[in-house]
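Data first, discussion second: the structure below is written as C-alpha cells.
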Amino acid sequence: MGSMFDEEEYFIPPLSHYSYIFPNPRDASDEGLLAYGGDLSSSRLLTAYRNGIFPWYAEGDPILWWSPDPRLLLYPENFKVRKSFARVLRSGKFTVTFDKHFSEVISLCATVPREGQSSSWILPQMQEAYIRLHEEGFAHSVEVHKEGKLVGGLYGLAMGKAFFGESMFSLVSDASKVAFKALSDVLGDRGYDFIDCQMKTDHMVGLGAQTVARDIFLDALHEALQKPSDLGYWHDFNWEYKDPVHEGKKDDK
C-alpha cells in the first residue's frame, strides 16, 4: 500500500500529542481526511470514534484520521441473505464465538492476502492499540470455526448502541460473511442502531449496507452513544442461524 498522505495536497491540521481534541468531522476534506499526527492511545481512539473519526494510514505515513462523506452503514435488520448463502448457514458447518481469540483475529486480518492490496494498513502499532482496547472492554472479535479451526472472523469497537467495524478475514469461502451475519444478528437482538462500515465497498453493499450523508451519520451516532454500552468481554454471547423458512419468511434472491 502506497502513501495516503501528501502535505502539499491536503491542507489539514496536525494533532497535538498533549490534547485529544479533534477538528470538527464535518470539516473533513472531500475524501474524508480530517487531521494527522497524534498517537493511538486508548483515550485518543475512543475520542475519535465518539466523534465519527477513525485512523487509517500506510506504513511510513503519519497517523491519518478520517471521517468520510458519505458513510457506509448496515442497519442490522437490513442484512441480506441470498439463497446460496442461506444454504451455507443451514449446513451447520461453521460455529461462531465472540471475544475468544481477539489477538489471532486481528493478526489474521493484517496478514491474510486481499485482492488488490499489496500490504496491510493494520500495522503492528495498530494491532497493539486495538488489543489494548479489547483488554479494556471496548474492542471485540467474532470468530468463525470449521472443524475446530479458526477460518474467519472480524473485529471492531462497540460504544453505546453503535458498532464500528474495522476489518475481517476469511481462510475459506463465506467464513467472514458468516462472522458478519452473526454480528448483525446479535447486535440487532441487543438493540444496536447500526454497524459502521466506514467506506463504501460493493461487497458490503451486497450484504445490505447503505450510504448515508456524513451529517446524518453523525446525528445518528450522537443518539446511539446516549444508550447503554455492552462494555466488557463478550464471551457469553451466542449465535445460531434463525432460518427464515422455518419462521414463515423468504430468503433474498
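Start counting the sequence shown at 2; every next residue gets the next number (the working numbering). A virtual CB, placed ideally from N, CA and C, is assigned to each residue, including glycine.
Item, Value
"Is it a yes or a no for the segment 82-89 touching the segment 129-145, going by three-plus beta-carbon pairs under 8 Å?", "no"
"So is A214 buried or exposed if we call it buried at 16+ other beta carbons inside 10 Å?", "exposed"
"With a cut-off of 8 Å, do at least 3 Cβ pairs link the segment 174-193 to the segment 36-45?", "no"
"Under the DSSP definition of a beta bridge, which residues are partnered with W67?", "L34, F55"
"In the DSSP output, what is T112 paired with across the bridge?", "DSSP output for T112 lists no bridge partner at all."
"What separation, rounded to the nearest whole angstrom, lies between the Cα atoms of F139 and L222?", "16 Å"
"Go to R27, then tell me how far its beta strand (DSSP E) extends in each direction, as first and last residue.", "Unbroken run through R27: none, as it is neither H nor E."
"Roughly how far, in whole angstroms, is the beta-carbon of M160 from the beta-carbon of L226, given that I think they are within contact range, below 8 Å?", "6 Å"
"What is the rounded straight-line gap between the Cα of G189 and the Cα of L155?", "17 Å"
"Would you mind listing the alpha helix (DSSP H) stretches within the segment 203-227 that are 4+ residues and don't spill past its ends, in chain order?", "203-207, 215-225"
"What are the residues that DSSP puts in a beta bridge with D190?", "None; D190 has no bridge partner."
"Please state whether DSSP places E9 in a helix, a strand or coil.", "Caution is warranted here: a pLDDT of 49 is assigned to E9, below 50, making its placement in the model unreliable, and no coordinate value can be reported."
"Does the distance from the C-beta atom of I196 to that of P56 stay below 8 Å?", "no"
"Rounded to a whole number of angstroms, what is the C-alpha to C-alpha distance between V179 and H102?", "16 Å"
"Taking a contact to mean a Cβ-Cβ separation below 8 Å, would you say K147 touches F95 in this structure?", "yes"
"Sorted by chain position, which residues of the same chain lie with C-beta nearer than 7 Å to L47's C-beta, five sequence neighbours on each side aside?", "F139"
"Tell me the DSSP secondary structure of S168 in three-state form.", "strand"
"Report the rounded CA-to-CA distance for D237 versus V187, giving the unit in angstroms.", "11 Å"
"Quick check on P125: buried or exposed, where buried means 16 or more other Cβ atoms within 10 Å of its Cβ?", "exposed"
"Whose C-beta lies closer than 6 Å to the C-beta of G157 among residues of the same chain, with five residues either side of it excluded?", "F164, F165, G166, E167"
"Apply the 10 Å Cβ neighbour rule to K162 and answer buried if 16 or more other Cβ atoms are within range, or exposed otherwise.", "buried"
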